[in-house]
Amino acid sequence: MPKRIDRLTDEQAAQMPAWRDKWIAIGLSTARADRMKFEAAVVKCYAAANLAPPKRVVWVPSPLVLALAAPIAAYLLNKGDAVGDAVDRAVDRAVDRAVDRAVRGAVGDAVDRAVGGAVHGAVRGAVGDAVHGAVRGAVGDAVDGAVRGAVGDAVDGAVDDAVDRAVRGAVHGAVRGAVGDAVDGAVDGAVGGAVHGAVRGAVGGAVGRAVGGAVGVAVDRAVRGAVGGAVRDAVDDAVGDAVHGAVRGAVDDAVHNAVDRAVGGAVDDAVGGAVRGAVGGAVGDAVGGASSFIRNNYYKYIGGHFWVGGWWGAPAFVSFFRDVCGLKLPTLITEASQAYQDTCEAACWWWPHTDFVIVCERPTQINRDTQGRLHSATGPAIVWPDGWGVHSWHGTTVPAKWIEQGVALDPFEVLTHSNIEQRRAGAEIIGWKNILAKLNPRVIDKDYDPQIGTLLEVDLPDAPSERFLQVRCGTGRDFVLPVPREYNTALEANAATYNVPPQLLRQIEVRT
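Numbered per my numbering, the sequence shown finishes at 552, counting up by one with no gaps.
Structure representation (structure tokens):
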């Protein structure tokens, strides 16, 4: 087995497309989590970070439940003490650099870039951008609106409103129960029935410290260092473009980012007054600290199968050198990379803590359009076993009711929505023909160039004679932009959006 790779053989290069497709399929898997595989692997990940194994692994049905339950459990264990950033950073640096140097020493720079672009970039683009971002955003939004209801019955009146907004009535009970069970399980497993105060006194500052960075980065830097140093730049680029970039785009960019945003937005909305009911006597009146703790720590998760093409360890990338090219790495590096790969293959998000790990199931559905973007015209584009999910229209996350109502959606709501991308998506959902039929707009001015657009005037509730510019961007998509009433031509209104004189705008040949 080679200890260094300076070029790929023709046979190895020919395997990159199949390797890319394999990891995209893993990143977009909707199969049930392999719990035994994950729990065995996570112990090895902790060992790679020089941490004792977690006392308890708690399974939850969705990222939303994880985002609520994990920081609440940590807060209960340590009553909102700092997450231990200094310790995390120290462990991160120590373990991360060790793996990083090891892998990079074994793989030449040219090879590293070749593989990174062909494999790592492909996987990350296919999985991460399309899926992970959607999930992260959706969980954030849902946590913001749902913490009050999801964490307990003590705030029951406010619970239903907040959760209904975030997870649509039928789901909120399951989420609330799951969060409560997960918090109880994590805390029970960590403290073993002992009084919180006693445990805090015994373990001091170690309890309650999130270790996501320590575990994940420990594997990442070690593995990437070992691979990077052993693979020459040209090979790294080739594999990275063909596999890593494709997988990341298909999974992380297309899916995970949407979910991540949904979670993050949800945290800020309703976490404030709701935590008191969730943590009750354990924190007394320290609601402010608990709220801040949840907001500042819910996102300290590891992405599981959404991260196969990017972030810590980049399994799609590292495994190509290890399994296809037969790259021989130090035993500890090989074991660390395999352990992290196993967690990615087995489950979705997981939130590591010194005393417990909370991990969520994979989604039961992932729906995408022909370009790989999260999309469904009939329901959630991605959904988990408890019913929580993300609604998306050709890659743009939208409110659930927009998809549910479809062409019956109120055009006034869409055209006055604050987010321009969501406004565009909503207009596509309704259809411009239907919008114009319902609003009876008056055409003030129509330019011969569709990229300059048409200036419209409509009467909205409490806002008569509002003006909008219907314009086509360089990608061929139609947008509607609210514009001041002072403009009387489409050219004037369009130029104002760029803050340039109308005559200059006419000279611009390409606009995006």
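Even glycine gets a Cβ: it sits at the ideal position worked out from N, Cα and C.
The structure displayed is predicted, hence computed values, not measured ones.
- Cβ contact annotation for K368 (same chain, cutoff 7 Å, sequence separation greater than five): M41, P42 and K43, in chain order.
- Counting along the chain, W99 sits inside the beta strand (DSSP E) bounded by residues R96 to V100.
- Boundaries of the beta strand (DSSP E) around F519: D518 to V523.
- With contacts defined by Cβ atoms closer than 7 Å, P403 and W424 form a contacting pair.
- CA-CA distance, A88 to S332, rounds to 30 Å.
- Residue pairing of G446 in beta bridges, as defined by DSSP: absent, with no partner found.
- With distances taken between CA atoms, A421 lies nearest to E444 out of E444, V399 and P481.
- Per the DSSP secondary-structure output, T494 pairs in a beta bridge with K486 and Q510.
- For V83, the enclosing alpha helix (DSSP H) stretches over residues R75 to A88.
- Below 8 Å, too few C-beta pairs join the region 360-374 and the region 65-73 to call them touching: fewer than three.
- About 4 Å separates the beta carbon of A386 from that of D74, a gap short enough to meet the 8 Å contact definition.
- V447 counts as exposed, since fewer than 16 other C-beta atoms from the protein chains shown sit within 10 angstroms of its C-beta.
- C-alpha of E51 to C-alpha of V364: approximately 9 Å in a straight line.
- Residue nearest to T515 within the set N297, T418 and P490 is P490 (criterion: CA-CA distance).
- Distances from the CA of V299 to each of I406, R512 and G366 were compared; the closest alpha carbon is that of I406.
- Taking C-beta atoms as the reference points, H296 and R176 count as a pair closer than 7 Å.
- Under the three-state reduction of DSSP, G289 is assigned to helix.
- Boundaries of the beta strand (DSSP E) around I398: F396 to C400.
- Here the alpha carbon of N336 sits roughly 32 Å from the alpha carbon of G466.
- The beta carbon of G429 lies closer than 6 Å to those of P420, I422 and V423 in the same chain, with the five residues before and after it left out.
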